[in-house]
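Residue numbers (full-length UniProt numbering): 1 to 291.
Inspection log for the structure reproduced underneath, given as structure tokens.
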Amino acid sequence: MAGLQAVEDLINCPYCQARLKRQSAGFCCELCDRLYPVQGDKIFFRDPSKDNKLINGETDYHRGDNLILKLKSIVKRKPEFFIFLYKVAAPFVGLTAEQFIKKFTSDKVVLNLGSGSKIVNSSIINIDYDPFPGVSIVTDIKTLPFADTSIDGLICESVFEHLPSPVSTINECRRVLKPGGQLYIVTPFMLGYHASPRDYYRWTEYGMAELLQGFKIVESGPAWGPTVAVVSIGGAWLSLFLSFGSKTLYQVWLVFFMFLLSPLTRLDHLIARHVRAVDNAHGLYFIAEKI
Numbered sequence: 001m002a003g004l005q006a007v008e009d010l011i012n013c014p015y016c017q018a019r020l021k022r023q024s025a026g027f028c029c030e031l032c033d034r035l036y037p038v039q040g041d042k043i044f045f046r047d048p049s050k051d052n053k054l055i056n057g058e059t060d061y062h063r064g065d066n067l068i069l070k071l072k073s074i075v076k077r078k079p080e081f082f083i084f085l086y087k088v089a090a091p092f093v094g095l096t097a098e099q100f101i102k103k104f105t106s107d108k109v110v111l112n113l114g115s116g117s118k119i120v121n122s123s124i125i126n127i128d129y130d131p132f133p134g135v136s137i138v139t140d141i142k143t144l145p146f147a148d149t150s151i152d153g154l155i156c157e158s159v160f161e162h163l164p165s166p167v168s169t170i171n172e173c174r175r176v177l178k179p180g181g182q183l184y185i186v187t188p189f190m191l192g193y194h195a196s197p198r199d200y201y202r203w204t205e206y207g208m209a210e211l212l213q214g215f216k217i218v219e220s221g222p223a224w225g226p227t228v229a230v231v232s233i234g235g236a237w238l239s240l241f242l243s244f245g246s247k248t249l250y251q252v253w254l255v256f257f258m259f260l261l262s263p264l265t266r267l268d269h270l271i272a273r274h275v276r277a278v279d280n281a282h283g284l285y286f287i288a289e290k291i
């Protein structure tokens with residue numbers, strides 16, 4: 001991944017947009033004097049001692065989702081293993097982030113917002129709310145620490161549904177992107193609630209077009225196909241039926257059926273090509289260009 005040295009000349013104060021200067025403890029704003037600490041290979045634009053939601057396994061406790069989220073947070077610390085499990089459970093049938101970034105030359109600046117521990121490419125700058133391995137900038141992505149029109153490309157996979165105010169983040173994406181810069185989005189569609197640590201929204205193709213004001217969508221389609229949707233919802237139904245009201249047993253069954261039914265998801269390599277597969281897809285991808 002791109003380290004701190006790669007981002008030093010790019011970052012600004014997210015509050016006043018002034019330049020930052022390097023100090024022994026981190027980076028200090030030249031205008032408002034806010035200090036942003038550096039710990040290891042990460043710069044923190046929020047208090048590093050507080051609120052590591054995913055790493056600490058915090059979620060909607062009243063919903064009883066904490067077991068699955070804790071398992072997810074553990075697996076996310078091993079990026080290769082996490083990606084392997086994800087591919088087994090839900091094969092990706094759309095344009096991938098790896099394919100998206102091929103259009104950018106080595107001198108272009110591309111950010112991965114809400115990256116988790118995933119390394120799309122060593123040149124990509126990873127940004128996340130939590131300090132996962134591989135993350136260089138730890139911040140809330142509703143305020144991005146970059147100057148106006150300074151970024152060439154943005155990646156945002158399975159993130160917008162977890163934001164209480166996705167419009168704020170879209171506005172930030174539009175602000176930091178150069179004219180003609182592109183935003184790659186992956187978002188679930190036919191998927192039940194999944195805490196990470198909260199889950200707020202789903203979008204159709206038309207809904208995403210409304211959200212992306214100031215952009216034009218140049219490509220879209222199923223990211224995961226209808227079979228993954230059936231397996232996901234069907235597995236959840238079976239888990240409800242067999243858990244007898246137990247939240248813990250429900251989560252255990254969810255994991256069990258995810259792997260038991262996963263071979264069926266390979267059918268999406270065939271049916272996801274159908275022109276109407278997008279109507280029932282588990283998730284969608286979009287490439288939007290700043291106008």
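The beta-carbon is built from N, C-alpha and C at its ideal position, and this holds for glycine as well.
Since this is a predicted model, take the numbers as computed values, not measurements.
In the structure shown, what three-state DSSP assignment does residue i receive?
i    : result
G207 : helix
P263 : helix
A220 : This sequence places Ser at residue 220; Ala is not what is there. Note: S220 maps to strand in three-state DSSP.
G225 : coil
A288 : strand
Q213 : coil
F104 : coil
L54  : Unreliable positioning characterises L54 in this predicted model, as indicated by a pLDDT of 48, which lies under 50. The coordinate reading is nonetheless provided below. Three-state result, L54: coil.
Y250 : helix
G235 : helix
Would you decide whether residue i is buried or exposed? Buried here means 16 or more other CB atoms lie within 10 Å of its CB.
i           : result
D183        : The question names Asp, but residue 183 in the sequence shown is Leu. Buried, since its Cβ has 16 or more Cβ neighbours within 10 Å.
I155        : buried
Q213        : exposed
R266        : exposed
K216        : exposed
G245        : exposed
residue 325 : Residue 325 is absent from the model: the chain starts at 1 and stops at 291.
P164        : exposed
F257        : buried
V218        : exposed
F45         : buried
S158        : buried
G40         : exposed
S106        : exposed
F81         : exposed
Q291        : Residue identity differs from the one stated: residue 291 is Ile in this sequence, not Gln. Per the 10 Å Cβ criterion, exposed.
Y200        : exposed
Rounded C-beta distance between residue i and residue j? I'm assuming under 8 Å.
i           : j    : result
W224        : D279 : Incorrect: roughly 14 Å between the Cβ atoms, too far for contact.
L264        : P222 : Not really, about 16 Å apart at Cβ, beyond 8 Å.
A89         : S262 : 5 Å
K42         : P166 : About 25 Å; that fails the 8 Å criterion.
residue 292 : C32  : Look at the range of the chain in this structure, 1 to 291, and you will see that residue 292 is not part of it.
So, residue i versus residue j, is the Cβ gap smaller than 8 Å?
i           : j    : result
I185        : F146 : no
E30         : R22  : no
F189        : H274 : no
E8          : G180 : no
I137        : G114 : no
P14         : L211 : no
L111        : I170 : no
residue 315 : Q251 : Any property of residue 315 remains undetermined from this structure, which presents the chain solely from 1 to 291.
K178        : T149 : yes
G235        : L249 : no
I101        : I125 : no
residue 312 : T204 : What is shown of the chain runs 1 to 291, which leaves residue 312 out entirely.
S232        : G207 : no
T120        : I127 : Per the sequence shown, residue 120 should be read as Val rather than Thr. For V120 and I127, no; Cβs fall outside 8 Å.
R133        : S122 : Note that residue 133 corresponds to Pro in the displayed sequence, not to Arg. No, the pair does not count as a contact, with Cβ atoms beyond the cut-off.
Using a threshold of 7 Å, is the CB atom of residue i nearer than that to any non-hydrogen atom of the ligand ADP?
i    : result
G116 : For the ligand ADP, the structure offers nothing, since it holds no ligand at all.
Can you find a C-beta in chain B that's less than 8 Å from the C-beta of residue i?
i   : result
F84 : Given the protein chain composition of this structure (a single chain), no chain B is represented.
### Query
At what residue ranges does the segment 109-135 contain a whole run of the alpha helix (DSSP H), taking only runs of 4 or more?
none
### Task
Taking only runs that begin and end inside the UniProt domain "Methyltransferase type 11" (137-185), name each unbroken alpha helix (DSSP H) of 4 or more residues, in chain order.
166-176
### Task
With a floor of 3 residues, list each beta strand (DSSP E) that falls wholly inside the segment 19-55, ordered by position along the chain.
20-22, 26-29, 35-39, 42-44
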